[in-house]
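Input: a single structure, listed below in structure tokens.
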Amino acid sequence: MNVVELIPGLALILGLWWGPGILVGAAFGFGWRQLVAVAPLISLGVLTTFGVWSGIAGLPWSLTTVAVAVVVLAALVLGARLLVARRLRARSGGGGAAGETTTQGLDEAAGAPTLVGRRLAIVATGILLGAAVGAVIWWRATDGLMLLNQDWDIPWHANMIRLLAETQEWTTSVAGNFAYYDTVIEDAPIRNYPIAFHAVAALAWPGSGLAVTEFLSLFQMMIVAVQLPVSAAALTWHLTRRSGATALAALAATMLSSFPYDLLFRGPLIPLVVGLALLGPFLVAAARSGHHFAWRWRLVAGIGAVGLFGAHASIAVVAVVVLLVWFALAVPATSRAFARRGLGLVTTGLIAAVLAGPLVLEMMRESGRVSEITWPAYETVPQAFGEVLFLSHGNGMAQWSWAVLLVVGCFAMLRCARVRWYLVAYLVAVAAAAMTAGSDGELITSLTAFVYNDSWRLVGFATLLAVPVIGMGGQRVADAVVQLWRGTRFRQVGIVTSAVLAALVLGAVVRADVARDVWTLQRGYREGSTVTAAERQMMESLTAIVPPEGQVLNDACDGSVWMFALADRMPMIRHFEIVPTDRQLLLLNDFNQLDTDTQVQQAAAELGITHVYVSDGRVRGYLPRPAGLEGLDQVEALEMVAENEIARTYEVRWDRIPGGEAMFAEAAASHDSHPGVPGIWQSSDPAPLEDQNAVCI
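Under our numbering, the first residue of the sequence shown carries the number 21, and numbering increases by one thereafter.
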């Protein structure tokens, strides 16, 4: 893909990701260094909050509406801050507002180093290197953003982006309406789904000029190459206050395969990775909320908590665990410090609850479904511990350079009381990941139910938390080298030589890790059996073949669940793991009896079937085609309207079925359609779900 074609989309993504946060954060009084770190967190929180309440109020989820809301909010915040500052000045006799803190550096602690001059240059260099490495990895792995992910869930995310862009409606129940339109939504396996990421993307996509697939890949590249280094730098600077550690952490954040690449190659976990990419700034804001007169940080933490929960509810659990460790173990351990930390956490929670109460209630309805799913252990606990600590999970080969620095960083943090709490939080994450991968015990299964008992996600959490530890380890090694040469007559030569050797080693590590991470991503992003280039071409052609209100009978296991994202036309089965209703299953099993079977005819009419799509590709290369989609060339009521080497599209000729046109028209009249999206409707006669697993499982 031509890089120039990406500029409008990238500008829209960056504008939506940073813009609202910059406006609102500047109104709060934050300086530019602080805004670089926390603006995306504020943006996601503000947009999620507006989305939740706009859905209730019936306001459209559009770029114009959101822009107006953000500007109004920023103006209100600025007015409130100036009014409060004026009253405080009047109360203090004009000597300045009591408790006001500087906005010139990220760290407001008294006497702490500020991020200026040489320190700022070092950190900026680390962030830029991390951004370059992350962008190269993503670009090479996706062949310039052109490759489709061949695994399970990524078409769901692409479909959600198009759906929210077209409906202009924020509601978590849109997922259930999309997937289970043919049954009672309350009975469906999926009723509500976290959509904060999809909703933000839906604002930017229509103006990007890109297909949904390329846009989604570009958004992920931004998260990997921009957000992750910035977040790692923000958290590491807060913890260590060392520029070298911060720069190294920013680089390491884009090079560890266990996070984010192990989670992104599979596709399902895009919202989780997006939310976790903002965990660092959230922890900084929450920790700052424990300081005196920290009202701004408490507001940011509360707003940010809404964004994290809206992206993926499980992130809230991770954040709570880390913050509880911080509350219990951070220094100073005085009663006043505990009171301030407790007040900060309680205030953050109350702000989040007020702003996102309806969202929390909606997502809590899904907690039972999530906790019912478990993954069996696949290795021993000692093996799992080794994989997490040596960064070899999912690959078999340890990332030794980073692992050594990680171990050094652990010992360095153990000796530093101020950051010891963070080491404990990291080790808790390591233990949770290892125990989940290596044990099927009831206790660990219950404790990790919030992530489907999925050790891959927990390893990702642990790897993300490892990044500042690696940064501190690298800083400690650098300090030791400088100390080694100090006091000798070769001090300058020795330090320069050591720096050159370190740069050469780092270059070799970067080269090896780029190849490793590209390989990791290409397990999902490749030419594969799920969606080939010919299948994609056929699905994209459906825009001209199928009317907007048409419904396409499909086999979910051949990749056709991409149809809505690619062609803006609705397949009957809209995701790989959808549990079919009885009439959907009837068509999958017996549709080739359309000429003679009145039950099949009635079911097809009730489902609004106008076309049929059949392809030879298979998700993960297995699962046979349903019997009802075999031998369609022999069905007189079908007419082939498009064909290539792997896929075929048929039109249902209802005029060839006795009474077929009247039957189809009568059934269509019973559909309660969603305004603006013809393919989204609810039947006045909902069908029960089949008592079986999903079609493709």
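Here a beta-carbon is modelled for each residue, glycine too, at the ideal position from N, C-alpha and C.
field: Alpha-carbon spacing of Leu-573 relative to Thr-669, whole angstroms
entry: Counting from one through the sequence shown, the residue named residue 573 turns up at place 553. Counting from one through the sequence shown, the residue named residue 669 turns up at place 649. One C-alpha to the other measures close to 10 Å.
message: On the DSSP bridge list, what partners appear for Leu-709?
response: Here residue 709 is taken as the residue at index 689 of the sequence shown, counted from 1. DSSP lists Thr-601 as partners of Leu-709.
- prompt: Going by the CB atoms, is the gap between Phe-70 and Leu-319 shorter than 8 Å?
  reply: As a working mapping, residue 319 is identified with position 299 in the sequence shown. As a working mapping, residue 70 is identified with position 50 in the sequence shown. In this structure, Phe-70 does not lie closer than 8 Å to Leu-319 by Cβ.
query: Cα separation between Asp-636 and Ala-657?
result: As a position in the sequence shown, residue 636 is number 616, starting the count at 1. As a position in the sequence shown, residue 657 is number 637, starting the count at 1. The straight-line gap from Cα to Cα measures roughly 22 Å.
query: Would Pro-644 be called buried (16 or more neighbouring beta carbons within 10 Å of its own) or exposed?
result: Reading the sequence shown from its first residue, position 624 is the one you call residue 644. It counts as exposed.
- prompt: Measuring CB to CB, does Phe-239 end up less than 8 Å from Ala-221?
  reply: Along the sequence shown, read from residue 1 onward, the residue named residue 239 stands at position 219. Along the sequence shown, read from residue 1 onward, the residue named residue 221 stands at position 201. In this structure, Ala-221 lies closer than 8 Å to Phe-239 by Cβ.
Selection from Thr-233, Gln-503, Leu-93 and Val-136 that minimises the alpha carbon distance to Gln-54: Locating residue 54 in the sequence shown gives position 34, counting from the first residue. Measuring from the Cα of Gln-54, the nearest candidate turns out to be Val-136.
message: Check this for me: beta carbons of Ala-667 and Met-558, under 8 Å apart or not?
response: Taking the first residue of the sequence shown as 1, we reach residue 667 at position 647. Taking the first residue of the sequence shown as 1, we reach residue 558 at position 538. Against a cut-off of 8 Å, the Cβ pair of Met-558 and Ala-667 comes out as a contact.
query: From His-177 to Asn-169, what does the alpha carbon distance come to, in whole angstroms?
result: Counted from its first residue, the sequence shown places residue 177 at position 157. Counted from its first residue, the sequence shown places residue 169 at position 149. So the two alpha carbons sit approximately 11 Å from each other.
message: Taking 8 Å as the threshold (C-beta atoms), are Glu-650 and Glu-659 in contact?
response: The sequence position of residue 659 within the sequence shown is 639, counting from 1. The sequence position of residue 650 within the sequence shown is 630, counting from 1. For Glu-659 and Glu-650, no; Cβs fall outside 8 Å.
query: Assuming Arg-286 contacts Asp-171 under a Cβ cut-off of 8 Å, what Cβ separation, rounded to an integer in Å, is found between them?
result: As a position in the sequence shown, residue 286 is number 266, starting the count at 1. As a position in the sequence shown, residue 171 is number 151, starting the count at 1. With a Cβ gap of about 5 Å, Arg-286 and Asp-171 count as contacting.
message: Looking at the secondary structure, which residues open and close the beta strand (DSSP E) in which Arg-546 lies?
response: Reading the sequence shown from its first residue, position 526 is the one you call residue 546. Note, Arg-546: premise wrong, no beta strand (DSSP E); not H, not E.
query: So is Val-232 buried or exposed if we call it buried at 16+ other beta carbons inside 10 Å?
result: As a working mapping, residue 232 is identified with position 212 in the sequence shown. Counting Cβ neighbours within 10 Å, Val-232 comes out buried, since at least 16 surround it.
- prompt: In or out: Gln-571 buried (at least 16 other Cβ within 10 Å) or exposed?
  reply: Here residue 571 refers to the residue found at position 551 of the sequence shown. So Gln-571 ends up on the buried side.
query: Are the CB atoms of Leu-443 and Cys-430 nearer to each other than 8 Å?
result: Counting from 1 along the sequence shown, the entry for residue 443 is found at position 423. Counting from 1 along the sequence shown, the entry for residue 430 is found at position 410. Their beta carbons are under 8 Å apart, which means Leu-443 touches Cys-430 by this criterion.
query: If we count the other Cβ atoms within 10 Å of its Cβ and call it buried at 16 or more, is Tyr-281 buried or exposed?
result: To locate residue 281, count along the sequence shown from 1; it is residue 261. A residue is called buried once 16 or more other Cβ atoms fall within 10 Å of its Cβ, and Tyr-281 is buried on that count.
task: Would you mind reading off the limits of the alpha helix (DSSP H) that contains Val-153?
output: Your numbering for residue 153 matches position 133 in the sequence shown. Per DSSP, Val-153 belongs to the alpha helix (DSSP H) from 137–161.
query: For the putative contact between Gly-324 and Pro-301, defined by C-beta atoms under 8 Å, what is the C-beta separation to the nearest angstrom?
result: By 1-based counting over the sequence shown, the position of residue 324 is 304. By 1-based counting over the sequence shown, the position of residue 301 is 281. Rounded, the Cβ-Cβ distance is 7 Å, consistent with contact.
- request: For Gln-571, name the three-state secondary structure that DSSP assigns.
  value: For this step, residue 571 is matched to residue 551 along the sequence shown. The answer is strand: DSSP assigns Gln-571 an E or B state.
task: Evaluate Ile-76 with the Cβ neighbour count: other Cβ atoms within 10 Å of its Cβ, from every protein chain shown; 16 or more gives buried, anything less gives exposed.
output: In the sequence shown, counting from the first residue as 1, residue 76 sits at position 56. Flag for Ile-76 reads exposed.
query: Taking the alpha-carbon positions, what's the Ser-704 to Ala-688 distance?
result: On the sequence shown, position 684 is the one that residue 704 refers to. On the sequence shown, position 668 is the one that residue 688 refers to. Rounded to the nearest angstrom, the two C-alpha atoms are 10 Å apart.
- request: State the beta-bridge partners of Ala-733 as determined by DSSP.
  value: The structure shown does not extend to residue 733, since the chain spans only 21 to 717, so no value can be given for it.
message: Does chain C have any CB closer than 8 Å to the CB of Trp-52?
response: Protein chains in the displayed structure number just one, and chain C is not present.
Backbone CA spacing between Leu-26 and Pro-226 [nearest angstrom]: Position 6 of the sequence shown holds residue 26. Position 206 of the sequence shown holds residue 226. Roughly 13 Å separates the two Cα atoms.
- prompt: With 16 other CB atoms within 10 Å as the buried threshold, where does Val-24 fall?
  reply: What you label residue 24 is simply residue 4 of the sequence shown in a count that begins at 1. It counts as exposed.
message: Considering only their Cβ atoms, is the gap separating Thr-394 from Gly-458 smaller than 8 Å?
response: As a working note, residue 458 is residue 438 in the sequence shown. As a working note, residue 394 is residue 374 in the sequence shown. No; because the gap between Cβ atoms is not below 8 Å, this pair is not in contact.
- prompt: Given that a residue counts as buried once 16 or more other Cβ atoms are within 10 Å of its Cβ, and exposed if not, what is Ala-52?
  reply: Here the question's residue 52 lines up with position 32 in the sequence shown. According to the sequence displayed, residue 52 carries Trp and not Ala. Classification for Trp-52: exposed.
With 16 other Cβ atoms within 10 Å as the buried cut-off, status of Leu-126: To locate residue 126, count along the sequence shown from 1; it is residue 106. Only weak support is given to the placement of Leu-126: the predicted model assigns it a pLDDT of 41, under 50, and the question is left unresolved by the model.
message: Just to confirm before moving on: does the CB-CB distance between Arg-211 and Gly-229 stay below 8 Å?
response: The residue given as residue 211 occupies position 191 in the sequence shown. The residue given as residue 229 occupies position 209 in the sequence shown. No, they are not a contact pair.
- request: Can you grab the Cα-Cα spacing for the pair Thr-630 / Arg-673, in whole Å?
  value: In the sequence shown, counting from the first residue as 1, residue 630 sits at position 610. In the sequence shown, counting from the first residue as 1, residue 673 sits at position 653. Straight-line Cα distance between these residues: approximately 8 Å.
- prompt: On the three-state DSSP scale, how would you describe Val-566?
  reply: By one-based count along the sequence shown, residue 566 stands at place 546. Val-566 falls in the coil class under three-state DSSP.
query: So Arg-477 packs on Leu-289, CB below 8 Å; how close in whole Å?
result: As a working note, residue 477 is residue 457 in the sequence shown. As a working note, residue 289 is residue 269 in the sequence shown. About 7 Å separates the two Cβ atoms, so the contact holds.
task: Assuming Ala-423 contacts Leu-409 (C-beta within less than 8 Å), just tell me the rounded distance between them.
output: In the sequence shown, counting from the first residue as 1, residue 423 sits at position 403. In the sequence shown, counting from the first residue as 1, residue 409 sits at position 389. Rounded, the Cβ-Cβ distance is 7 Å, consistent with contact.
- prompt: According to the neighbour-count rule (16 or more other Cβ atoms, all chains shown, within 10 Å of its Cβ), is Thr-203 buried or exposed?
  reply: Here the question's residue 203 lines up with position 183 in the sequence shown. Under the 10 Å beta carbon count, Thr-203 is surrounded by 16 or more other beta carbons and is classified as buried.
field: CA-to-CA distance, Ala-185 to Ala-314, given in whole angstroms
entry: In the sequence shown, counting from the first residue as 1, residue 314 sits at position 294. In the sequence shown, counting from the first residue as 1, residue 185 sits at position 165. Cα to Cα, the separation comes out at about 37 Å.
message: Whole angstroms are fine: how far does the CA of Ala-498 sit from the CA of Pro-175?
response: For this step, residue 175 is matched to residue 155 along the sequence shown. For this step, residue 498 is matched to residue 478 along the sequence shown. Distance between the alpha carbons of Pro-175 and Ala-498 is about 45 Å.
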